[in-house]
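Okay, structure first, notes after.
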Amino acid sequence: MSGDTPTTRRTPSGHPDDIGPPSGPGTSSTGRRARSRLDREILALAVPALGALVAEPLFVLVDSAVVGHLGTAQLAGLSLASTLLVTLVGLCVFLAYATTAAVARRIGAGHTREALQSGIDGLWLAVGLGALLAAVLWTTAPWAVGAMGGTGEVAEHAVVYLRWSALGLPGMLLVLASTGVLRGMQDTRTPLWVAAGGATFNAVLNVVLVYGAGLGIAGSGIGTAVAQLTMGAVLVVVVVRGARRHGASLRPAAGGIWANARAGAPLFVRTLSLRLAILLTVFVATGLGEVTLAGYQVVNSVWGLAAFALDALAIAAQALVGHGLGADDVPRVRAVLRRTLQWGVAAGAGLGVVMAAGGWWFALLFTSDPEVRTAVAVGMAVCGVLLPMAGWVFVLDGVLIGAGDGRFLAWAGMLTLVVYAPFALAVRHWAPDGAAGLAWLWLAFAGVFMAARAVTTGLRARGSAWMVTGTA
1 MSGDTPTTRR
11 TPSGHPDDIG
21 PPSGPGTSST
31 GRRARSRLDR
41 EILALAVPAL
51 GALVAEPLFV
61 LVDSAVVGHL
71 GTAQLAGLSL
81 ASTLLVTLVG
91 LCVFLAYATT
101 AAVARRIGAG
111 HTREALQSGI
121 DGLWLAVGLG
131 ALLAAVLWTT
141 APWAVGAMGG
151 TGEVAEHAVV
161 YLRWSALGLP
171 GMLLVLASTG
181 VLRGMQDTRT
191 PLWVAAGGAT
201 FNAVLNVVLV
211 YGAGLGIAGS
221 GIGTAVAQLT
231 MGAVLVVVVV
241 RGARRHGASL
251 RPAAGGIWAN
261 ARAGAPLFVR
271 TLSLRLAILL
281 TVFVATGLGE
291 VTLAGYQVVN
301 SVWGLAAFAL
311 DALAIAAQAL
321 VGHGLGADDV
331 PRVRAVLRRT
341 LQWGVAAGAG
351 LGVVMAAGGW
361 WFALLFTSDP
371 EVRTAVAVGM
381 AVCGVLLPMA
391 GWVFVLDGVL
401 IGAGDGRFLA
411 WAGMLTLVVY
421 APFALAVRHW
431 APDGAAGLAW
441 LWLAFAGVFM
451 AARAVTTGLR
461 ARGSAWMVTG
471 TA
């Protein structure tokens with residue numbers, strides 16, 4: 001794909017200290033200075049990445065706020081359509097992850113032109129896949145909405161929004177792929193500014209088209225599509241400028257596009273397993289009753305915000321690990337592994353304290369039902385205790401993605417789903433509705449499921465099979 005000669009070697013067997021706290025020279029003043037430099041690198045990548053991650057959900061939030069004033073049926077239709085779109089885009093996140101790993105590795109090896117060539121191939125894959133998905137969604141929108149349970153006026157509005165928003169999919173997938181290229185080059189600020197600008201542009205377009213032009217829910221879908229296409233175009237221009245500067249070809253190369261698709265396929269499976277676990281969790285919450293389902297929605301919203309912070313650290317780990325392996329700098333990779341894990345667990349612990357201690361206050365913001373409030377407070381306490389483990393899992397996931405270890409993550413994802421499913425179904429069968437049911441549900445998801453992921457990724461990280469250096 002890149003034309004350079006692959007240079008790979010495997011490091012010696014891992015040692016338990018590889019993912020533990022630093023020792024020896026790491027405790028000296030030199031070690032402290034090295035950690036301080038590494039901390040600055042991690043934060044320089046993670047903080048802008050967090051901003052970009054938070055900006056993305058603002059699209060749906062703005063659409064909901066604008067469409068909500070049109071009527072209940074329109075808002076319900078938006079809910080159905082946006083669920084389909086968010087799920088679809090989420091499954092395509094491999095476009096960002098695989099590109100980050102490939103670009104970072106080549107940058108680390110000093111092959112900037114090849115890195116950008118790989119990125120250009122990723123952009124072609126993104127625009128082709130986005131166009132295909134847009135066409136499929138436009139054609140199958142009525143069937144897809146019906147499969148989600150939409151009927152009557154709600155279904156009509158859902159189909160309208162889904163079709164118009166689907167036209168923005170090529171732009172949204174280009175955003176993912178371009179962001180992956182820039183993350184691989186350790187630039188997380190540009191995606192942040194584009195995401196923030198896109199969210200603002202989307203808000204303005206929604207108001208103008210929905211109310212000013214009188215297009216209703218169709219205007220919201222059109223505005224979102226235009227904003228996403230604009231974001232994709234801006235990021236593509238940034239990547240193309242870099243590619244031209246370093247002599248990379250802008251033409252589509254079948255071999256390079258296929259290589260990107262092959263690299264992304266295992267990460268698609270890994271993401272699919274996570275989505276299935278989440279869907280199973282919602283299925284269980286629904287079966288337990290209204291109080292549990294309402295409480296789950298509140299707790300899951302807060303859990304999602306915490307996940308953004310942990311995911312930002314994972315993104316930093318992706319870029320730094322890929323760069324270190326490309327540069328054949330195994331000691332640095334081990335240092336990144338140790339330090340990002342420490343950051344992940346510490347961030348999880350800090351956020352966990354906030355969740356556990358503030359559970360009742362969060363509940364007051366979302367509901368006036370005393371039963372739901374109690375369920376939320378209990379669920380938040382369970383999540384708060386288990387969040388440090390989630391920090392460990394998120395970071396290790398990022399480390400292995402950055403190393404290009406997608407095949408292992410695919411198998412591990414399916415294995416952990418198989419482990420989780422019986423526990424989740426047992427909760428649905430035996431747990432009661434209310435606080436106890438929600439507690440058992442989060443123990444299953446944040447406890448059993450996350451523990452299974454922690455064990456599989458932790459054992460992998462202790463070894464050296466994932467530490468393939470060079471550009472291969």
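Here the UniProt record's numbering is used: position 3 in the sequence shown is 3, and no number is missing along the way. From the three backbone atoms N, C-alpha and C, an ideal C-beta is built for every residue, glycine too.
Buried or exposed, going by whether 16 or more other CB atoms sit within 10 Å of the CB of residue i?
i	result
residue 321	buried
residue 72	exposed
residue 426	exposed
residue 24	Annotation note: pLDDT 46 at residue 24 (below 50); position unreliable, no value reported.
residue 30	exposed
residue 245	exposed
residue 48	buried
residue 445	buried
residue 165	buried
residue 118	buried
residue 422	exposed
residue 213	exposed
residue 111	buried
residue 139	exposed
residue 323	buried
residue 143	exposed
residue 230	buried
Between residue i and the rest of its own chain, which residues show a CB-CB distance below 6 Å, the 5 nearest in sequence each way excluded?
i	result
residue 452	416, 419
residue 292	285, 433, 437, 438
residue 257	121, 124, 125
residue 199	55, 58
residue 218	160, 164
Leaving out five residues before and five after residue i in sequence, what residues of the same chain have Cβ atoms less than 7 Å from its Cβ?
i	result
residue 136	none
residue 371	291, 434
residue 76	154
residue 93	176, 271
residue 158	77, 80, 81, 145, 150
residue 302	355, 362, 380
Excluding the five sequence neighbours on either side, which residues of its own chain have a C-beta within less than 8 Å of the C-beta of residue i, listed in chain order?
i	result
residue 235	174, 175, 178, 179, 182, 190, 191, 194
residue 51	192, 195, 196
residue 369	291, 294
Throw me the rounded Cβ distance for the residue i and residue j pair, which I believe falls under 8 Å.
i	j	result
residue 402	residue 318	4 Å
residue 220	residue 210	5 Å
residue 184	residue 278	Their Cβ separation, rounded to whole angstroms, is 27 Å, which puts residue 184 and residue 278 out of contact at 8 Å.
residue 294	residue 367	7 Å
residue 35	residue 332	Going by Cβ atoms, the distance from residue 35 to residue 332 rounds to 12 Å, so no, they are not a contact pair.
residue 470	residue 255	In fact, because the Cβ distance is near 19 Å, the residues do not count as touching under 8 Å.
residue 253	residue 113	14 Å between Cβ atoms; not a contact.
residue 351	residue 309	6 Å
residue 315	residue 45	7 Å
residue 431	residue 441	7 Å
(request) Answer yes if the segment 160-179 comes into contact with the segment 122-133, meaning at least three C-beta pairs across the two stretches below 8 Å, and no otherwise. (result) yes
Do three or more CB pairs link the segment 396-414 to the segment 266-283 at distances below 8 Å? yes
Item to complete: Please determine if the segment 77-89 and the segment 150-167 are in contact, where contact requires at least 3 C-beta pairs separated by less than 8 Å.
Response: yes
* Asked: Given 8 Å as the limit, is there contact between the segment 393-405 and the segment 329-346, that is, 3 or more CB pairs closer than that?
  -> yes
query: Below 8 Å, can you find three or more Cβ-Cβ pairs linking the segment 348-357 to the segment 270-277?
result: no
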